[in-house]
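First comes the structure, then the notes that go with it.
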Amino acid sequence: MGVDITELRSEIGDDVSVGDSDKNTLELNTTTLPRVEHKMYERPDILVRCEPLIEILYAKVFTNVDASLDVYGDIRILDSEGSKNLVFYERDRFDSPQHICSSSTKNNFLQLQSPQEIPTFTEPLLVVDIKNAATGAVVARGQKTLLETTHHPSTPNDYEKLFTLQFEGDAHGGGLVDTGARVELQCIAFTFGVCAQVEIFMYKDDDASESQKTINEDEDDGGEPGVEVFGLICAKCHPSLLAKGCYENHMFNVIQDEHEWVGLGTQINLFKNLVAVPAYSQLEISLDLSGYEDDEFSIEGTACFQPTNGDGGYKDIRGVNGYYVRVYVTWCEPSNLNKRWCEEDMIDGFCLMPHSPGLYASHLLEVFSLFIARPNEEEVSLYGSVKILDYRGWCTVFSYSKNEPYFLSRGCNLLPLQGPDRALQPLMFFLMEIDLRDIDGHVNIKGFVNSCVEIDERQRPWFDKRFCAVVKLVNEKSFAAVNYTLFSFAVEAIMEVNFLFKGGSCAHVKIYGDVIASYDKLSYLTNYDAEFFQRVLFTRKKANFLEVEDNYQLPRYVVAVPMTCSLLTKVNLSFQTNLGTHRVGELVKFQIGEPYRIIKSDFVDIRIDVDWKGLPYV
1 MGVDITELRS
11 EIGDDVSVGD
21 SDKNTLELNT
31 TTLPRVEHKM
41 YERPDILVRC
51 EPLIEILYAK
61 VFTNVDASLD
71 VYGDIRILDS
81 EGSKNLVFYE
91 RDRFDSPQHI
101 CSSSTKNNFL
111 QLQSPQEIPT
121 FTEPLLVVDI
131 KNAATGAVVA
141 RGQKTLLETT
151 HHPSTPNDYE
161 KLFTLQFEGD
171 AHGGGLVDTG
181 ARVELQCIAF
191 TFGVCAQVEI
201 FMYKDDDASE
211 SQKTINEDED
221 DGGEPGVEVF
231 GLICAKCHPS
241 LLAKGCYENH
251 MFNVIQDEHE
261 WVGLGTQINL
271 FKNLVAVPAY
281 SQLEISLDLS
291 GYEDDEFSIE
301 GTACFQPTNG
311 DGGYKDIRGV
321 NGYYVRVYVT
331 WCEPSNLNKR
341 WCEEDMIDGF
351 CLMPHSPGLY
361 ASHLLEVFSL
371 FIARPNEEEV
381 SLYGSVKILD
391 YRGWCTVFSY
401 SKNEPYFLSR
411 GCNLLPLQGP
421 DRALQPLMFF
431 LMEIDLRDID
441 GHVNIKGFVN
451 SCVEIDERQR
461 PWFDKRFCAV
471 VKLVNEKSFA
481 AVNYTLFSFA
491 VEAIMEVNFL
501 FKGGSCAHVK
511 IYGDVIASYD
521 KLSYLTNYDA
531 EFFQRVLFTR
541 KKANFLEVED
551 NYQLPRYVVA
561 VPMTCSLLTK
571 VNLSFQTNLG
581 THRVGELVKF
591 QIGEPYRIIK
601 SDFVDIRIDV
611 DWKGLPYV
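According to the UniProt record's numbering, the sequence shown is numbered sequentially starting from 1.
Structural data, given as structure tokens:
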């Protein structure tokens with residue numbers, strides 16, 4: 001049955017698509033889009049495509065003497081698994097040293113800059129090299145692996161991390177060392193992060209006093225009107241797990257002696273204009289600016305923005321004597337979408353499988369996991385539904401009633417998917433509807449994950465990528481994160497898992513463990529990939545075992561398999577009887593078209609049957 005997507009607009013609204021705008025995607029810190037003068041309408045629900053991100057909140061310099069000094073050097077993060085080399089601080093000894101006062105708790109911050117790319121890494125390595133500009137002596141030097149990232153969480157609910165690293169002088173590279181000096185960096189990592197690009201312009205009301213206008217024009221000997229300013233502009237957010245107030249990201253930090261000229265109607269030169277925040281938290285831009293030798297200029301206040309992907313609109317922060325700033329925010333797409341679109345990115349609608357005559361592969365959606373976060377990670381009794389809409393209609397993957405809810409224990413975040421019971425075919429679109437609550441009021445999640453017009457246009461950047469989308473209601477602390485991939489060419493694998501017990505040994509067998517499906521040619525280098533982008537077909541804890549008294553067949557599973565991959569099924573199960581516990585662990589591989597495999601053991605044989613289907617998947 002077909003579905004007219006226009007019928008849904010009254011319910012989910014006309015979200016701004018990145019369709020045409022993505023064809024001119026921002027090259028970070030190099031391109032400024034023309035500003036559209038509008039304030040953004042804030043919907044009651046939030047949808048943000050996100051990814052794991054690392055942010056350096058601050059870098060402080062400490063020395064063994066209470067004196068000011070000029071420093072230079074660089075701070076960067078390298079990706080040991082790739083080619084990324086992102087610069088967060090870079091100063092030249094002669095052209096651009098930074099003056100700091102190590103004895104001051106406010107004036108010893110290094111003025112960090114934004115990297116040229118979205119800061120997502122697989123195996124990040126932090127490299128620091130800071131020197132004294134006067135003597136050339138090393139203040140801090142070294143490199144450290146950022147193991148405390150959300151790519152390697154110790155538990156699934158470990159989706160925020162805050163950590164501090166210290167670097168001291170190292171004479172191994174030769175040269176002088178400032179004994180006792182060090183640089184302290186504070187880093188934060190978000191599993192579900194999104195980047196915001198911030199621009200701030202300064203204005204003055206037309207009806208401001210004539211005397212003040214005259215003062216402005218005289219500031220630069222008759223040049224453009226403006227003000228010499230100093231102060232602090234910082235980004236703040238509200239993490240879910242970490243302590244309140246732990247995130248303060250300095251975007252502009254200029255002491256009074258190093259005041260900067262800002263012309264009216266022009267942009268404030270932010271040292272950092274790209275900040276990473278949680279996809280489930282609003283972004284706060286806080287300003288505290290004063291005029292250098294000008295008591296009639298002052299702007300102090302905060303502007304808040306709800307996360308999204310694309311244009312975040314603008315908000316004004318007003319000061320005294322008619323001065324105000326206008327804060328613009330553009331929310332970035334995940335890094336795997338941050339590329340220019342071209343006609344060559346169009347893909348075909350279907351293709352013939354090379355080694356399976358008569359089997360056609362087309363676009364299939366695979367939803368791997370559903371992550372639920374709630375305050376204090378309380379144990380909750382969930383009810384509601386998660387449904388997916390494709391061109392054939394709605395398909396339910398999770399559904400529990402209020403009278404018979406699903407119990408999600410403390411420390412557990414992943415919901416078991418009960419479907420789909422057929423292939424998900426987004427020929428022109430797809431839509432996921434999430435409506436989940438719990439009996440005690442800890443969880444209230446409602447919203448949609450909807451595809452963009454690029455799906456209809458079959459643009460390659462949207463296919464064969466791992467995506468995560470956060471869904472939540474504004475002012476609610478709970479949220480859901482949906483992890484999915486839209487495969488460009490895939491076939492349908494209908495799987496059945498049968499337990500065949502031997503010699504009448506099946507009386508009152510308690511079964512617990514996991515059966516997990518994945519793909520042989522896709523990477524699972526990090527815990528993040530393994531945790532969120534493998535399909536859990538069956539899972540039971542020892543305390544929540546499945547008890548059977550006869551040969552047993554698990555529910556039927558439908559898995560999308562990309563045409564270039566084989567299907568991997570990892571079995572790790574325990575079978576407990578009054579005589580002992582029998583463990584079966586094995587990884588089996590199915591080539592596309594292979595009908596079954598049998599895992600043999602002394603106690604039970606596990607037969608896995610796979611029925612393969614191509615287009616039209618019926």
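C-beta atoms are modelled at their ideal positions from N, C-alpha and C, and glycine is treated no differently.
Supposed contact pair residue j and residue i - C-beta distance, whole angstroms, cut 8 Å
i, j, result
"residue 652", "Val183", "Not covered by the structure: residue 652. The range shown for the chain is 1 to 618."
"Val380", "Asp440", "7 Å"
"Pro307", "Val198", "In fact, because the Cβ distance is near 13 Å, the residues do not count as touching under 8 Å."
"Ala423", "Tyr617", "4 Å"
"Val491", "Lys613", "7 Å"
"Leu283", "Val277", "5 Å"
"Gln98", "Val71", "6 Å"
"Val509", "Thr577", "6 Å"
Neighbour-count burial assignment, residue i, 16 or more Cβ in a 10 Å radius
i, result
"Val329", "buried"
"His363", "buried"
"Leu579", "exposed"
"Asp206", "exposed"
"Ile598", "exposed"
"residue 626", "The shown model of the chain, from 1 to 618, leaves out residue 626, and the question about it has no answer."
"Trp394", "exposed"
"Gly180", "exposed"
"Asp520", "exposed"
"Arg91", "buried"
"Arg410", "exposed"
"Gly169", "buried"
"Val559", "buried"
"Ser96", "exposed"
"Ala243", "exposed"
"Ala67", "exposed"
Residue i in three-state terms, based on DSSP
i, result
"Asn321", "coil"
"Asn483", "strand"
"Lys213", "The predicted model places Lys213 with a pLDDT of 38, which falls under 50 and marks its position as unreliable, so this point remains unresolved."
"Lys446", "strand"
"Phe463", "coil"
"Lys161", "strand"
"Phe532", "helix"
"Leu337", "helix"
"Ala543", "helix"
"Glu168", "strand"
"Glu377", "helix"
"Gln186", "strand"
"Val618", "coil"
"Gln98", "strand"
"Glu224", "coil"
"Gln143", "strand"
"Asn527", "helix"
"Asp178", "coil"
"Asp421", "coil"
"Glu258", "helix"
"Asp602", "coil"
Residue i vs residue j beta-carbon contact at 8 Å
i, j, result
"Ile188", "Leu69", "no"
"Phe489", "Met428", "no"
"Tyr528", "Pro239", "no"
"Ile299", "Tyr323", "yes"
"Leu162", "Tyr203", "no"
"Asn249", "Val229", "no"
"Leu232", "Asp316", "no"
"Phe533", "Phe368", "yes"
"His234", "Ser290", "His is not the amino acid found at residue 234; the sequence shown has Cys there. Their beta carbons are not under 8 Å apart, which means Cys234 does not touch Ser290 by this criterion."
"Val227", "Asp294", "yes"
"Gln143", "Thr164", "no"
"Val177", "Ala137", "yes"
"Asp605", "Pro595", "no"
"Phe297", "Asn321", "yes"
CB contact check: residue i to chain D, cutoff 8 Å
i, result
"Pro115", "Absent from the structure: chain D. Only one protein chain is present."
Cβ contact check for the region 512-520 and the region 537-546: 3 or more pairs under 8 Å: The region 512-520 makes contact with the region 537-546; the number of CB pairs closer than 8 Å reaches 3 or more.
contact_flag[the region 427-447, the region 366-380] where n(CB pairs < 8 Å) is 3 or more: Counting C-beta pairs closer than 8 Å gives three or more between the region 427-447 and the region 366-380, which meets the contact rule.
Three-pair Cβ contact test at 8 Å for the region 467-481 versus the region 346-357: As far as the Cβ criterion goes, the region 467-481 does not touch the region 346-357, which means the pair count is below three.
Inter-stretch contact (C-beta, 8 Å, three-pair minimum) for the region 109-121 and the region 75-86: Flag = yes, the region 109-121 and the region 75-86 touch.
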